[in-house]
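The structure appears right after this line, and notes come after that.
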Amino acid sequence: MLVRNIRKSVSWKMISQLNHLFISPIYEKGSTSHSPQNFSSWSIRCFRSSHNPKLSVPELKTDTPLSPAVNKISRVARSDGQAALFDYLHSTRGFNYVDAEHISKNSPHFLQSLLSKVDNDQDVARALIRFFRYHPINEFEPFLESLGLKPSEITSMLPRNLIFLSDDHDLLDNYHVICDYGIPRLKIGKIYKEATQIFGYDYGVLGMKLTAYEKLGLSRSTVIKLVTCSPTLLLGEMNNELIQVLGKLKVLGFEIDWIGGYLSNRHSYNWGRMLNTLRFLNEVGYSDEEMANLFKMNPAYLFEGSGKQIYVLVGQLLKLGLKMNDVYSLFCENPNILSLKCAKNLWHALYFLTEIGLETEKIADIVSTHIQLLGSHSLKGPKTVLRGFNGDKCRLCQTIKDDPLNLFRLASKSKFNVVQMTSHNPGKLFDKTTFLLRLGYLENSDELAKALKQFRGRGDQLQERFDCLVNAGLDCNVVINMIRQAPTVLNQSKNVLEKKIDLLKTYLGYPVESIVSFPSYLCYDVDRVHLRFSMYAWVKQQGAAKPTLSVSTLLACSDVRFVKYFVDIHPEGPAMWESLKSSLQSS
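The numbering of the sequence shown is our numbering, which starts it at 18 and goes up by one.
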C-alpha cells in the first residue's frame, strides 16, 4: 500500500531514486508478480527507462499482426525480449532454470510475434512485462518450437483446452526423462511429431523402454541415435524387426553396437525393409561371409535408404538376365556402385538404353562390362541424343552395339576420356583413373587425386597386379582393403608379387591370408624377405624359435633386433646367417 501511495504522488525520477530501497519494478495495480526474483531482474530495466523523462510506459500494439514485412528487430530488443520471457517462465510460472532458459532462447518465431507488437524505440522489457501480467501466453507454442519444430508444424499439435504446460504433468515428466537420458532438446521435436503418444506415458514407462534397448547390448549413445532417427521404436513393445536386424548382423560377425557408427540423425530408418534386404541377399545366393564383406566395404549399402537401393538394384540386374555370381562379382569389383550418385547414374543409363529400344541381352552385356562407367557418368536424356540421329532409334542402337563406348561419347554430360577401352576386350589398355574408380574412389575427389600420385602404371597393369592377389586366394574386397592400407603394393610387377607369395608358402608354410593384417609385407625387398624367412625356418627346425610368429614380427624389426632374437639364439646361428647371406649375394 505504501508503494502505491508513493507512486501516485511522485515523479518517475523520484521513483527511480527510491527503486533501490524497495527493489521493486513499477507495476500496475492488480499485478500478481510480487516475487523478489521478478523485482531484482526488472528493476534494472525500470531504472533505464526512468532516466528518460520523455519515455512513458510503452503501450503494446496488440492489433499488429506478425508478417514478413515486420520492421527489423534490433539485437538489444531481442535480448531484452528473451530475458523478459525467461523471467516470466522461471519466476512467474515456476519453470526450472534450464527449461526456462532453453525455451526463451530457442523460440525465435514466437518471440518475434511478441516483439512485432512493440515499437523499436520503446522499452521492450517493460512492454512485455506488462503484457505478461494481463495476457497469459499459450506456453505450448514456445515450448514446441524450442524442441526444433517449425511454426507451420506447431499449430496442429497444440492441445485444444490447455495453455499452461504445468497442466500436462505427463508431458513434462516424459520430456524430462528424455532430456535426462541425453537426447538433445532441439532434436526432441522429431520424437514429438512422429511418436506423440510417448509423452502421455505413465511415470517410469519411458525410462524402462530406453533401458530395454540398452539391455540388448547397445550403448546409450547408440540408443540415443536410434530413438532420434526412429522415434516409433518407443511405441508399443520393443521393435522386433530391429532386434532381428541386430541378430542377423551378429551372425555376420558384427558387434551389436556396430550400427551406432553409421546412424545419422538426418535420416529415418525402416527396420522392416532393412531386414527384408538381408533376407533377400540370402535368398539370391549371398553367403554370410559375402554379405559381411559387402557391408564392411560400404555400410551405406545397408543404411542408405534402409537397404532399399541394394534390394532394387540386385533385382533389376537379375531381371536383365545376369546370374547371381555375376552380380556379386560386379559388386566386388565396383564397391562404390551402390553409392547414391553412382546408383542414380546407373538407373538413368538403364532407362536411356531401354527407352531407345536396345535389346535386354545387349543391355545386360553393357552392364557386365562397363558398370563402373555407367555409374560414374551422368548421361543426357534420350531425346537430346536422338536429335543428332534425326530421331532414328535404330541407328543409335546400332552405333552403341558397334562400340558400347559410343554411349558415353555421345551421351555423357562430362568429358569422356577413357583411353582405348572396348567392350569386346576389357583387358585392353585403359587409364589409371578407371581402375581407381573400380576400387571405390569417388570421381573428382581429393582422395582420388592423391591416389593417382601414389599408384604407378597404367590401369590395365594395376588391374593385372590386383587380379594376381585375387587369384592367389584372397577375396577381392579384402584385396581392396589391403591396397587402401598399403597403396605401394600395386607398384610392383606381377612376377614380384607372385614370388613373395611363394616365399610365404614355401619357407613358412603360411596361407596367403596371413598377410591380410600386414599388407606391407608385399612392399618389402625380395632379398630381405628371402633371407629372413630362410633364417627363421632354420632356427624353427632347430627348436630354438616359436613355430607360428607373425610375418610382421619377422620383417618389421631392425637388423640388430632380428640378429639378437633369431640368429644369436642358437650356437650355430651366426654361421648359418653368414652362409645364407653369401648364397644370396652369389645367386
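Using N, Cα and C, we set each Cβ at its ideal position, and we do this for glycine too.
Here the structure is a predicted model, which means the values were calculated and not measured.
Exercise. Do you know offhand how far Thr228's Cα is from Gly199's?
Worked result: Straight-line Cα distance between these residues: approximately 13 Å.
Exercise. Quick one: Cα of Gly332 to Cα of Val533, how far?
Worked result: Straight-line spacing of the CA atoms in Gly332 and Val533 works out to 32 Å.
Exercise. How many angstroms separate the CA atom of Lys563 from the CA atom of Gly457?
Worked result: Approximately 40 Å, taken between the alpha carbons.
Problem set entry | As assigned by DSSP and simplified to three states, the class of Ser429 | In the three-state DSSP reduction, Ser429 falls in the strand class (E or B).
For this session: Taking the CB atoms as reference points, tell me whether Met552 and Gly590 lie closer together than 9 Å.
Result: Contact flag set, yes.
Exercise. To which residues does DSSP link Leu396 through a beta bridge?
Worked result: As computed with DSSP, Leu396 is found in a beta bridge with Ser429.
For this session: Write down the C-beta distance between Asn508 and Phe472 rounded to the nearest angstrom, noting that I regard them as a contact closer than 8 Å.
Result: Asn508 to Phe472, Cβ: 7 Å. Contact.
Exercise. For the region 334 to 351 against the region 387 to 407, are there 3 or more C-beta pairs whose distance is under 8 Å?
Worked result: The region 334 to 351, when compared against the region 387 to 407, does touch it at the 8 Å Cβ threshold.
Problem set entry | Beta-carbon proximity of Glu530 to Leu566, cut-off 9 Å | Judged by their CB atoms, Glu530 and Leu566 are not nearer to each other than the 9 Å cut-off.
For this session: Kindly indicate which three-state DSSP category Arg296 falls into: helix, strand or coil?
Result: Secondary structure at Arg296: helix, using DSSP grouped into helix, strand and coil.
Problem set entry | Pair within 9 Å by beta-carbon distance, Ile171 and Leu161 | Yes, these two residues count as a Cβ contact at 9 Å.
Problem set entry | Proximity winner among Leu280, Ser281, Ala317 and Ile327, relative to Tyr303 (alpha-carbon distances) | Nearest C-alpha to Tyr303: Ile327.
For this session: Count the C-beta pairs between the region 265 to 281 and the region 417 to 429 that are closer than 8 Å, then say yes if the count reaches three, no if not.
Result: Counting C-beta pairs with one atom in each stretch, the region 265 to 281 and the region 417 to 429 have fewer than three that are closer than 8 Å, which means they do not touch.
Problem set entry | Sequence-distant residues of its chain with Cβ nearer than 6 Å to Glu595 (five each side left out) | Result list for Glu595: empty, nothing under 6 Å.
Problem set entry | Beta-carbon contacts of Ile497 that lie in its chain and below 6 Å, excluding the five residues immediately before and after | Excluding sequence positions up to five before and after Ile497, its CB lies within less than 6 Å of the CB of Leu456, all in the same chain and listed in chain order.
Exercise. So, helix, strand or coil for Gly338, using DSSP?
Worked result: In this structure, Gly338 counts as coil in the three-state DSSP scheme.
Exercise. Which runs of the alpha helix (DSSP H), 4 residues or longer, sit entirely within the region 483 to 507?
Worked result: Secondary structure remark: continuous alpha helix (DSSP H) runs of at least 4 residues inside the region 483 to 507, in chain order: 493 to 502.
Problem set entry | Inter-residue spacing [alpha-carbon to alpha-carbon] between Pro248 and Glu376 | Straight-line measurement puts the Cα of Glu376 at about 46 Å from the Cα of Pro248.
Exercise. Taking the C-alpha atoms as reference points, what is the distance between Tyr220 and Phe103?
Worked result: Each residue's CA atom was taken as its position, placing Tyr220 and Phe103 some 28 Å apart.
Exercise. Helix, strand or coil: how does DSSP classify Ile354 here?
Worked result: Correct three-state label for Ile354: coil.
Exercise. What separation, rounded to the nearest whole angstrom, lies between the Cα atoms of Met593 and Val543?
Worked result: So the two alpha carbons sit approximately 19 Å from each other.
For this session: Give me the Cβ distance between Pro187 and Gly217, rounded to the nearest whole Å; I'm assuming they're in contact under 8 Å.
Result: The amino acid occupying residue 187 in the given sequence is Asp; Pro does not appear at that position. With 8 Å as the limit, Asp187 and Gly217 qualify as a contact, their Cβ atoms being about 5 Å apart.
For this session: Put Pro564 into one of helix, strand or coil per three-state DSSP.
Result: Reduced to three states, the DSSP call for Pro564 is coil.
For this session: Would you give the residue range spanned by the alpha helix (DSSP H) that Trp555 belongs to?
Result: Unbroken alpha helix (DSSP H) run through Trp555: Val543 to Gln558.
Exercise. Can at least three beta-carbon pairs, one atom from the region 459 to 467 and one from the region 479 to 494, be found at a separation below 8 Å?
Worked result: Contact between the region 459 to 467 and the region 479 to 494 is absent, because fewer than three Cβ pairs lie under 8 Å.
Exercise. Beta carbon of Cys246, beta carbon of Asn299: below 9 Å?
Worked result: No, these two residues do not count as a Cβ contact at 9 Å.
For this session: Between the Cα of Asn362 and those of Leu347, Leu396 and Gly374, spot the shortest distance and give me the residue it belongs to.
Result: Residue Leu396 is the option with its Cα nearest to Asn362.
For this session: Compute the Euclidean distance between the alpha carbons of Val584 and Leu548, then round it to the nearest angstrom.
Result: The alpha-carbon atoms of Val584 and Leu548 are separated by roughly 12 Å.
For this session: Measure the alpha-carbon distance for Asp576 versus Leu539 and round it to whole angstroms.
Result: Rounded to whole angstroms, the separation of the alpha carbons of Leu539 and Asp576 is 18 Å.
Problem set entry | For Thr109 and Asp197, the rounded distance between their alpha carbons | Cα-Cα distance, rounded: 24 Å.
For this session: Give the range of the alpha helix (DSSP H) segment to which Pro125 is assigned.
Result: Unbroken alpha helix (DSSP H) run through Pro125: Pro125 to Leu132.
For this session: Measure the beta-carbon distance from Leu572 to Tyr541 and round it to whole angstroms, keeping in mind my assumption that it falls under 8 Å.
Result: Contact between Leu572 and Tyr541 holds, since their C-beta atoms are separated by about 5 Å, short of 8 Å.
Exercise. When the distance is taken between beta carbons, is Leu486 closer than 9 Å to Val506?
Worked result: Cβ distance < 9 Å, so Val506 and Leu486 count as in contact.
For this session: With DSSP as the reference, label Glu372 as helix, strand or coil.
Result: In the three-state DSSP reduction, Glu372 falls in the helix class (H, G or I).
For this session: Could you tell me which of Leu347, Ala101 and Arg290 sits nearest to Arg143, measuring between CA atoms?
Result: Closest in C-alpha terms to Arg143, from the list Leu347, Ala101 and Arg290, comes Ala101.
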